[in-house]
Structure formats: structure tokens, C-alpha cells
Amino acid sequence: MIDAAAYDAIETLKNGIDVRIRSIRADDRERIIEAFRNLEPESIYTRFFHHKKALSDAELKSATEIDFDDVVVLVVTIGKEKNETIIAGGRYVAFDAADNLRSAEVAFTVEEDYQGQGLASHLLRHLAHIARQKGIARFEADVLPHNKAMLIVFSRCGLPMVKGHEAGNVHVTLTLTKK
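Take the sequence shown: its letters are residues 2 to 180, numbered as in our numbering.
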């Protein structure tokens, strides 16, 4: 079984840059604040479905102090040690669905300078690998209809996908387990 709290991997982006994908840590609080500051308003809107200038203390706590059972957060970093910078993140939050299949809501944020380099796809693959080992059968996500990049990531990920529409958004369900 994977120790999600100690997860660590290296991936190469489309532009040839190596990045580190690792589990979030409590000491990432300042890195998260800085990463949020680097986001454009449109990226904030597509992730949170509304505009905001900063993350609240409660949001920072829920992002960095997690159990790695029902909630798993992975970040993508460049640089090392004191110069380590978060450029993307992905998380899932597990829940028990009405049909008794363990599911998880999944979401991603990628800094604009690194969009289009495959970061969300890498994060999705790593999160799915962890989720399968934790008995999660599917990922679900609500995506704004104009967020074509995220819809493409989901459609090209290789997992069986069902799309629907809820409250003006696109609801995506990805099956993680074999039927």
C-alpha cells in the first residue's frame, strides 16, 4: 500500500523541465500562499468558481493539514529546499456515494506559466494511483463549461468517463476500477 503522506515522484514536462510531484506538508503554508498570489484571476475563478484575493486561514489549514486517507493533496514543485516553489496542485476528497461506491471529488490548479505542459494530467494519474489503493472507485469533478483545458485533460486521461450537466457546470465522472 502506498504511503500517500510520503508520496514523491519526478516527472518530465512537455518542455523538458523535470518537476517533483509530492504530498503536501504542513510547512508548505507559505509556498501555498505564494502560489496563490501567482495565479491569474481567471485561474482562481476556474478552480474556485468565484473570484477571491487570498486563501482564508481555514482554507490554508485544510490544504496543508490533511489525513491522507479521505483527503490527499499532491503539489508540483520546481527548485530545491529553500528555493522550492509550488507551481501546481491536485487534491481529492473522498466520500461514500449513494450507490455504495467510494468516490472522491478531484480538483486541480496550475500556474499559468506552466499550463499546457501536462501537469494536470500527471497529477490526475498520480492521484488515481493513490486512490485505487485506498479503495476509491471513481473521481468526480464539476468543471465550468468554458474550462476546455480541464475537460480535455479528463477526456484524454484514458479512464472511462461520463459527462453530464448540473447547475450550469459540466459534471465529470471517471471510473478508476475495472468492472
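Idealized CB from N, CA, C, for every residue including glycine.
- Rounded to the nearest angstrom, the Cβ distance from D58 to A95 is 24 Å, too far for a contact under 8 Å.
- Annotation for E35: T86 and I87 place their beta carbon closer than 8 Å to its own, counting only its chain and skipping 5 residues before and after.
- Closest in alpha carbon position to V76, among G159, L125, F155 and K164, is L125.
- CA-to-CA, the gap between S44 and F109 works out to about 10 Å.
- With respect to I25, V74 sits close: the two C-beta atoms are nearer than 8 Å.
- In the same chain as P42, and ignoring 5 residues on each side of it, the C-beta atoms closer than 7 Å to its own belong to H52, in chain order.
- With distances taken between CA atoms, R92 lies nearest to L128 out of Y115, E82, Q118 and L128.
- Within the same chain, Cβ atoms closer than 7 Å to the Cβ of L152 are found at V144 and V171, the five residues on either side in sequence being excluded.
- The Cβ neighbour count for E112, taken over all protein chains shown within 10 Å, is at least 16; the residue is labelled buried.
- A check of alpha carbon separations from Y8 across H130, L160, H166 and A150 identifies H130 as the nearest.
- According to DSSP, T176 shares a beta bridge with R139.
- Spanning the alpha carbons of L177 and L102 requires a straight line of approximately 11 Å.
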